[in-house]
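Below is one structure; the comments refer to it alone.
Protein chains: 2
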Amino acid sequence: MNTSVSLEDPHCPHDHSQCVSDALAAAEQVCERAGARLTALRKRVLELVWQSHRPLGAYDLLDTLAREDDRRPAPPTVYRALDFLQEHGLVHRIASLNAFIGCASPEHTHQGHFLICRNCRVAIELEQTLIHPAIAEVAQRMGFAVESETVEIAGLCAHCQEAA
Amino acid sequence: MNTSVSLEDPHCPHDHSQCVSDALAAAEQVCERAGARLTALRKRVLELVWQSHRPLGAYDLLDTLAREDDRRPAPPTVYRALDFLQEHGLVHRIASLNAFIGCASPEHTHQGHFLICRNCRVAIELEQTLIHPAIAEVAQRMGFAVESETVEIAGLCAHCQEAA
DNA sequence: TCGATGGCTGTTATCATATAACAATTCCCT
DNA sequence: AGGGAATTGTTATATGATAACAGCCATCGA
Chain D
3 MNTSVSLEDP HCPHDHSQCV SDALAAAEQV CERAGARLTA LRKRVLELVW QSHRPLGAYD
63 LLDTLAREDD RRPAPPTVYR ALDFLQEHGL VHRIASLNAF IGCASPEHTH QGHFLICRNC
123 RVAIELEQTL IHPAIAEVAQ RMGFAVESET VEIAGLCAHC QEAA
Chain R
3 MNTSVSLEDP HCPHDHSQCV SDALAAAEQV CERAGARLTA LRKRVLELVW QSHRPLGAYD
63 LLDTLAREDD RRPAPPTVYR ALDFLQEHGL VHRIASLNAF IGCASPEHTH QGHFLICRNC
123 RVAIELEQTL IHPAIAEVAQ RMGFAVESET VEIAGLCAHC QEAA
């Protein structure tokens with residue numbers, strides 16, 4: 003069992019292997035309950051997405067898969083896996099970066115709201131903030147029926163501000 | 003002078019030519035003050051972006067330009083104009099749609115927050131809502147220095163709900 | 001066990017969005 | 001008129017995503 007501190011996220015050292023295994027375990031549960039199949043490929047893609055707390059592009063995932071295997075999978079392979087993972091709330095897509103990131107708490111469905119550091123590229127998922135109620139209030143006032151919320155706040159995280 | 007009601011936005015009939023001329027007038031002012039040149043091309047692109055209240059893709063703009071002229075401009079032509087217009091706050095980019103829309107009030111700099119109807123595709127720009135303060139509060143709590151806010155709420159506008 | 005069914009994956013081709021790099025032109029100031 | 005900077009034109013290419021169809025394989029009922 004690998005309990006080493008992750009090198010992927012030097013700004014906030016933690017046992018990242020725990021993040022990954024937690025995410026995979028949660029994914030098993032979610033799929034189990036939904037009667038969906040978390041196949042080897044899907045699990046592998048989810049694991050790769052979780053290799054860091056940075057959003058990763060589909061072609062980054064393809065590159066990694068190509069390095070692991072001898073054969074390079076074609077784009078649809080990864081996009082289909084990502085579609086599946088998104089449908090089951092296991093990953094979020096970051097529209098402003100054309101990238102994907104693991105969902106912090108896939109147990110309950112929710113919108114992904116993120117703080118994204120432009121320097122270290124780490125994305126922090128926000129939960130239970132005033133943002134969602136604010137959106138709901140505005141939408142209601144406008145008679146607008148919300149279906150999905152894209153909230154991506156870019157800037158500098160606390161650590162990168164200090165470093166600068 | 004064309005005072006006809008716009009056919010572009012049937013859900014909310016209004017004198018759309020007024021929107022366009024207002025936007026162009028405001029743009030002149032903004033550029034004047036900034037010492038920036040609102041060239042013929044930039045003005046034309048801004049006018050095209052304002053042809054409706056729907057976000058338009060860069061290639062849609064290229065298509066329209068190609069129809070107007072005899073020669074089809076190359077992508078960088080339009081992207082550069084869009085970059086300029088964005089820098090001066092005259093258009094916003096909608097990340098979730100890879101599209102662009104005219105800014106409702108370019109006089110003061112602000113983040114673009116939008117309600118976007120998935121049915122009629124109209125985007126409504128939100129101003130002075132609780133969303134910005136909510137974001138500011140969350141960011142401050144996290145020690146995060148906000149530089150830009152992408153807030154794109156997709157769903158059904160009031161009219162399209164009735165129609166369904 | 002067999003075969004049918006549906007879901008998953010592989011494969012090829014292509015579309016859609018965006019930018020790099022450099023050349024030509026135009027504008028503006030002196 | 002001439003020089004320098006900003007703007008636009010042009011070619012090529014990078015990057016992100018999907019359509020369409022073929023093949024595979026798990027599972028389930030006969």
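From first to last, the protein sequence lines are chains D and R.
The first sequence lines up with residues 3 to 166 when you count with our numbering.
The second sequence lines up with residues 3 to 166 when you count with our numbering.
Every residue gets a Cβ at the ideal spot worked out from N, C-alpha and C, and that includes glycine.
None of these values were measured; they are calculated from a predicted model.
Next on the checklist: Taking 8 Å as the threshold (beta carbon to beta carbon), is R:R120 in contact with chain D?
Outcome noted: yes
Checklist entry - Does the beta-carbon of D:T41 have 16 or more other beta-carbons within 10 angstroms, so that it is buried, or is it exposed? => result exposed
Checklist entry - When the cut-off is 8 Å and only beta carbons count, does R:A97 lie next to chain D? => result yes
Next on the checklist: If the cut-off is 9 Å on Cβ atoms, which residues from the segment 137-150 of chain D count as contacting chain R, listed in chain order?
Outcome noted: I137, E139, V140, A141, R143, M144, G145, F146, A147, V148, E149, S150
Next on the checklist: Can you check whether the C-beta of R:I155 is within less than 8 Å of a C-beta belonging to chain D?
Outcome noted: yes
Item to check | CB of R:L117 within 8 Å of CB of D:A138, strictly | outcome: no
Checklist entry - Which whole-angstrom value describes the C-beta separation of R:A156 and D:S150, a residue pair presumed to lie in contact below a C-beta threshold of 8 Å? => result 5 Å
Next on the checklist: Under 8 Å, Cβ to Cβ, is there at least one residue of chain D near R:A125?
Outcome noted: no
Checklist entry - Where do the N-terminal and C-terminal ends of the beta strand (DSSP E) with D:T152 fall, by residue? => result 147-158
Checklist entry - With DSSP run on the structure shown, which of helix, strand or coil describes R:E89? => result helix
Item to check | Neighbourhood of D:E30 by C-beta, 8 Å cutoff - its chain only, sequence neighbours within 5 removed | outcome: L40
Checklist entry - Which residue or residues does DSSP assign as beta-bridge partners of D:I126? => result D:L117
Checklist entry - What does D:H168 pair with, by DSSP beta-bridge criteria? => result One cannot answer for residue 168 of chain D here, as it falls past the ends of chain D, which runs 3 to 166.
Next on the checklist: Contact defined as beta carbons within less than 8 Å: I believe R:V51 pairs with R:L43. What is the distance between those atoms, to the nearest angstrom?
Outcome noted: In fact, because the Cβ distance is near 13 Å, the residues do not count as touching under 8 Å.
Item to check | Residue of R:A60, R:H161, R:R69 minimising C-alpha distance to R:D85 | outcome: R:A60
Item to check | Beta-carbon spacing of R:A124, R:R82 below 8 Å | outcome: According to the sequence shown, residue 124 of chain R is Val rather than Ala. Contact flag unset, no.
Checklist entry - Under a three-way DSSP split, which group does R:L40 fall into? => result coil
Checklist entry - Nearest to R:P77 by alpha carbon, out of R:D71, R:C122, R:D65? => result R:D65
Item to check | Any C-beta of chain R under 8 Å from that of D:C159 | outcome: yes
Item to check | For D:C159, the nearest candidate out of R:A160, R:F146, R:H161, R:Q163 (CA to CA) | outcome: R:F146
Next on the checklist: The alpha helix (DSSP H) that contains R:Q142, what's its start and end?
Outcome noted: 133-144
Checklist entry - Which stretch, first to last residue, makes up the alpha helix (DSSP H) that contains R:E70? => result 60-70
Item to check | Collapsed DSSP secondary structure at D:D17 in the structure displayed | outcome: coil
Item to check | Distance, R:Q88 Cα to R:N121 Cα | outcome: 26 Å
Checklist entry - What residues from chain D crowd round R:I133, counting only those whose CB sits closer than 7 Å? => result I133, A136, I137, V140
Next on the checklist: Mapping the DSSP letters down to three states, classify R:T79 as helix, strand or coil.
Outcome noted: helix
Next on the checklist: Tell me the DSSP secondary structure of R:S23 in three-state form.
Outcome noted: helix
Next on the checklist: Please report the distance separating the alpha-carbon of D:N4 from that of D:D17.
Outcome noted: Confidence at D:N4 is low in this model, with a pLDDT of 47, below 50, so the placement of that residue should be treated as unreliable; the coordinate-derived value is given next. Those two C-alpha atoms are separated by around 9 Å.
Item to check | Span separating the alpha-carbon of D:L132 from that of D:R95 | outcome: 21 Å
Item to check | Same chain, Cβ closer than 7 Å to R:L26, five either side skipped, listed in chain order | outcome: K45, L48, E49
Checklist entry - In three-state DSSP terms, what is R:E34? => result helix
Item to check | Test: R:T111 CB closer than 8 Å to a CB of chain D | outcome: no
Checklist entry - Which value, in whole angstroms, describes the spacing of the CA atoms of D:G114 and D:E154? => result 9 Å
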